[in-house]
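Worksheet: one structure, shown below.
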Ligand code: IVH
């Protein structure tokens with residue numbers, strides 16, 4: 019029927035993957051929408067911290083959250099966020115994503131660590147994917163015409179089999195949640211191209227009781243040393259206003275959104291010191307040590 023759950027977007031894909039419980043909940047982020055609100059949040063957070071705060075500034079990647087569970091350096095599962103407690107097991111697809119190592123570099127890895135990150139499709143690769151979809155539609159139409167099918171029916175069938183993707187985020191989400199083993203022929207080719215276009219950037223850790231470093235930026239150094247892809251765009255700042263402060267970073271990337279290879283929907287400001295993460299804690303929804311500054315959506 020009209021409101022049958024299987025007809026809602028994504029539901030047909032999501033039910034086909036086994037549930038996995040995250041060792042630690044995958045939280046979301048609270049949002050602010052103006053420099054004033056962001057400054058207020060920094061002032062308030064600094065007040066709660068009770069000591070000078072070093073800020074960690076990052077781009078907010080417009081992709082899909084993933085949690086990678088490594089046991090003694092070996093990838094044992096990859097899961098989508100789901101409801102934050104239980105996600106979908108997408109390990110079969112994740113192991114084929116460039117930049118998701120199945121084995122970490124170096125040694126001395128923790129017994130268990132959940133690495134959190136974002137899977138996305140670079141903007142240029144997204145355009146290529148949509149061009150491929152269009153070529154596939156042409157092939158379907160030519161084929162069906164040759165077999166005497168009328169144009170309108172052929173075009174409808176082509177559009178159903180090879181739809182144009184609306185945006186990189188949706189294409190990435192669907193790409194990671196495909197059932198490639200159920201595909202053949204042109205669909206398999208297109209599905210493989212979609213999976214090949216996925217990339218990962220890591221932006222945090224879940225369960226890790228006793229990390230050997232004191233700050234989030236050092237966590238990134240460690241993750242990079244293990245062969246995990248960290249963002250080249252992050253930096254730290256001791257100030258909010260003024261030269262090279264938090265607000266400058268926000269303004270800079272507001273002007274340079276399209277100079278980055280992936281889509282961004284904002285900036286994430288984090289407290290760098292890990293001890294403060296524990297002290298500031300979290301609400302049921304989001305940590306108090308981080309905030310998302312959202313850029314206004316762009317007119318298409
Ligand atoms: S940190 C505890 N950093 O945005 C929450 N998240 O709207 C830690 N996201 O759930 C999240 N880029 O999936 C963080 N540089 C970044 C991010 C980022 C994108 C996603 C993430 C998060 C969502 C919240």
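Numbering (my numbering), first residue to last: 19 to 318. Beta carbons are placed, not taken as given, at the ideal position from N, Cα and C, and that holds for glycine.
Contacts around residue i, its chain only, beta-carbon distance under 6 Å, and the 5 residues preceding and following it disregarded
i	result
residue 229	none
residue 215	139, 143, 147
residue 238	248
Extent of the continuous beta strand (DSSP E) to which residue i belongs
i	result
residue 69	Here residue 69 belongs to no beta strand (DSSP E), and DSSP marks it neither H nor E.
residue 85	82-89
Boundaries of the alpha helix (DSSP H) in which residue i is found, first to last residue
i	result
residue 271	264-273
residue 110	109-112
residue 203	203-214
Same chain, Cβ closer than 8 Å to residue i, five either side skipped, listed in chain order
i	result
residue 312	49, 50, 51, 78, 283, 284
residue 36	106, 107
residue 22	With a pLDDT of only 38 at residue 22, under 50, the local geometry of the prediction cannot be trusted, and the value read off the model is given with reservation. Excluding residues within five positions, none has a Cβ falling inside 8 Å.
residue 41	87, 130, 132, 224, 225
Simplified DSSP state of residue i, which is helix, strand or coil
i	result
residue 53	helix
residue 29	Residue placement at residue 29 is poorly supported in this model, since its pLDDT is 41, which falls under 50; the coordinates still yield a value, given next. Correct three-state label for residue 29: helix.
residue 20	For residue 20, the predicted structure reports a pLDDT of 36, less than 50, and the residue's modelled location is therefore unreliable. The matter cannot be settled from this model.
residue 276	helix
residue 258	coil
residue 248	strand
residue 105	strand
residue 313	coil
residue 253	strand
residue 291	strand
residue 167	coil
residue 182	coil
residue 135	strand
Nearest-angstrom Cβ-Cβ length linking residue i and residue j, presumed shorter than 8 Å
i	j	result
residue 66	residue 298	6 Å
residue 141	residue 186	6 Å
Proximal residues to residue i (C-beta, below 7 Å), its chain only, five neighbours per side dropped
i	result
residue 208	150, 151, 154, 180
residue 34	197
residue 26	Confidence at residue 26 is low in this model, with a pLDDT of 41, below 50, so its placement is unreliable and the value that follows should be read with caution. Counting only Cβ-Cβ distances below 7 Å, and skipping sequence neighbours, we find nothing.
residue 32	Unreliable positioning characterises residue 32 in this predicted model, as indicated by a pLDDT of 47, which lies under 50. The coordinate reading is nonetheless provided below. 106, 195, listed in sequence order.
residue 262	255
residue 128	226
residue 242	248
C-beta neighbour in chain D for residue i, strict 7 Å
i	result
residue 73	In summary, chain D is missing from the structure at hand, where a single protein chain is found.
Segment contact flag, the segment 121-128 with the segment 241-254, C-beta cutoff 8 Å, min 3 pairs: yes
Given 8 Å, three or more beta-carbon pairs between the segment 77-93 and the segment 158-172: no
The segment 128-137 touching the segment 83-99, judged by at least three CB pairs closer than 8 Å: yes
Any 3 or more C-beta pairs closer than 8 Å across the segment 291-310 and the segment 59-73: yes
Given 8 Å, three or more beta-carbon pairs between the segment 89-96 and the segment 107-115: yes
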